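Notes follow once the structure below has been shown.
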Amino acid sequence: MDTKFILVGKNLKELEKFMIDNNQSKFRAKQVYNWLYLKTLKDINDMTDLPLSTRELLNEKASLCSISVKDKQISKDGTIKFLFELKDGNLIEAVLMRFDNRANLTACISTQVGCPMGCSFCATAKLGFKRNIDIEEIIQQIFLIQSETGLKVTNIVYMGQGEPLLNFDNLIGSIKIFREQFQVGARRITVSTCGIIPQIKELAKLDFQSTLAISLHAPNQEKRQTIMPVAKKYKFDELIKTLQDYTQMTGRRVTVEYVLMKDVNDSVNDAKELAVAISKLKSNVNLIVYNQNEKSDFKKPSKEAIQKFKYILEASGKKVTIRLERGADIDAACGQLSSKFNKVS
Ligand code: SAH
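Here our numbering is used: the first residue of the sequence shown is 29, the next is one more, and so on.
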């Protein structure tokens, strides 16, 4: 069993304690801290401003991460999908996307191994649920993406595998570390949820400055519960009401995510009904064109249906964006993260 001290995820105080416990001067901790969170590095030996003796000590007693990169795939559009192996052998995925503004690098990270929510259209759901990803493992996903690419991540979206609000403490703890240690602005962090009402209420009580995105995907209770089992527990109207309270308490607009699926939720009536349902909710709408995969019966709508849907919502006064499909050729698009090699039982 590897009992080395894991560096990535530790705060300055913890690093200082480690240095002092190992007879090093305390200020070495700050140098290590800067390397871990503000620069990028591949190896302990890359910390070139540390004396050789400190690097030797670190090599002997510490490791950068407890998770490792098992595979990496690069899409034609520059999107990179990472397969990470956790210390217990479980596999998870994360994705790095560049949008047209090259200075913006968005990382999409996972919070659970598999997912318990069972949405009928999502590839991750088919894996079932194995366990929550711990805080160190959440943070190390960003560290390793930076280490592998030599680039600083500017935006973080909790939209990978799993339901972030069901791993609440690690979600909140990791956001704190991304803000304070990696210096990613709160407004550049987005958490996507299928709508776990009690935890949305908790978020509202915190000073949550990041963006909350809600996977609504249907204009009413009836339709929502046929594709998202969570809707049976947390009802549509109560969810909208909870989100209204949330916007009032936090002063922050939410993002309504809506995956458009042919003949499921993409009709003119669906658009009209959705416009009414969210008319009082301070929100922007993000339409996601369904990413098809061979194992799923769901299909993407026609271009016309997508445009019509967008126009109807815009006419109701909403700001609407259509999420660009990224990395579809490497199964890195939304809902395609299934860690094919994973043997989740
Ligand atoms: N559990 C959270 C985080 C997952 S985010 C949530 O439900 O929001 C992943 C997003 O991709 C969710 O909005 C999900 O509904 C959506 N999604 C799932 N399968 C998809 C697919 N095949 N195509 C497009 N989006 C999909």
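For each residue, glycine too, the CB sits at the ideal point set by N, CA and C. Being a predicted model, the structure only gives us computed values, none of them experimental.
Compute every distance between the C-beta of residue i and the non-hydrogen atoms of the ligand SAH, then say whether any falls below 6 Å.
{"i": "ILE316", "result": "yes"}
{"i": "SER220", "result": "yes"}
{"i": "PHE337", "result": "no"}
{"i": "PHE157", "result": "no"}
{"i": "MET187", "result": "yes"}
{"i": "PHE33", "result": "no"}
{"i": "GLU285", "result": "yes"}
{"i": "CYS362", "result": "yes"}
{"i": "ASN198", "result": "no"}
{"i": "PHE264", "result": "no"}
{"i": "SER238", "result": "no"}
Cα-Cα, which of the options is closest to residue i?
{"i": "SER148", "options": "GLN174, VAL287, SER307, PHE337", "result": "VAL287"}
{"i": "LEU341", "options": "LYS154, LEU133, GLU301", "result": "GLU301"}
{"i": "ILE3", "options": "ARG56, SER324, PHE326, ILE316", "result": "Any property of residue 3 remains undetermined from this structure, which presents the chain solely from 29 to 373."}
{"i": "ALA259", "options": "LYS67, VAL60, GLY146", "result": "GLY146"}
{"i": "ASN321", "options": "ARG215, PHE33, CYS150", "result": "CYS150"}
{"i": "PHE264", "options": "ALA305, ALA299, THR82", "result": "ALA305"}
{"i": "VAL313", "options": "ASN39, LEU155, GLN276, ILE242", "result": "ILE242"}
{"i": "CYS143", "options": "LYS45, SER53, THR221, LYS54", "result": "THR221"}
{"i": "GLY310", "options": "THR239, VAL292, GLN249", "result": "Note on residue identity: the sequence assigns Lys, not Gly, to residue 310. Per the Cα distances, THR239."}
{"i": "GLY37", "options": "GLN272, CYS93, GLN364", "result": "CYS93"}
{"i": "PRO192", "options": "ALA214, THR218, LEU179, GLN211", "result": "THR218"}
{"i": "LYS290", "options": "LEU271, PRO329, PRO257, ASP298", "result": "PRO329"}
{"i": "SER366", "options": "LEU35, ILE120, ALA57", "result": "ILE120"}
{"i": "LYS233", "options": "LEU199, GLN249, TYR339, ASP273", "result": "ASP273"}
{"i": "ILE167", "options": "VAL181, ARG159, GLY156, LYS154", "result": "VAL181"}
{"i": "GLY106", "options": "ARG126, GLU42, GLN211, GLN140", "result": "ARG126"}
{"i": "GLN169", "options": "LEU244, ALA135, GLN209, ALA153", "result": "ALA135"}
Could you please give me the residues that DSSP links to residue i through a beta bridge?
{"i": "THR349", "result": "ASN314"}
{"i": "LYS100", "result": "PHE110"}
{"i": "THR283", "result": "ALA241, ASN312"}
{"i": "ARG126", "result": "LEU133"}
{"i": "ILE228", "result": "ILE228 is not bridged to any residue."}
Check whether chain C comes within 7 Å of residue i, counting only Cβ atoms and requiring the distance to be less than that.
{"i": "ILE173", "result": "No chain C appears in the structure shown, which is made up of a single protein chain."}
Item to check | Three or more C-beta pairs below 8 Å linking the region 181–192 and the region 98–113 | outcome: no
Checklist entry - If we count Cβ pairs, one from each stretch, closer than 8 Å, do we get three or more for the region 159–175 versus the region 66–75? => result yes
Checklist entry - Taking one C-beta from the region 322–332 and one from the region 263–281 each time, how about it: are there three or more such pairs within less than 8 Å? => result no
Next on the checklist: Quick check: the region 83–90 against the region 41–58, are at least 3 beta-carbon pairs closer than 8 Å?
Outcome noted: yes
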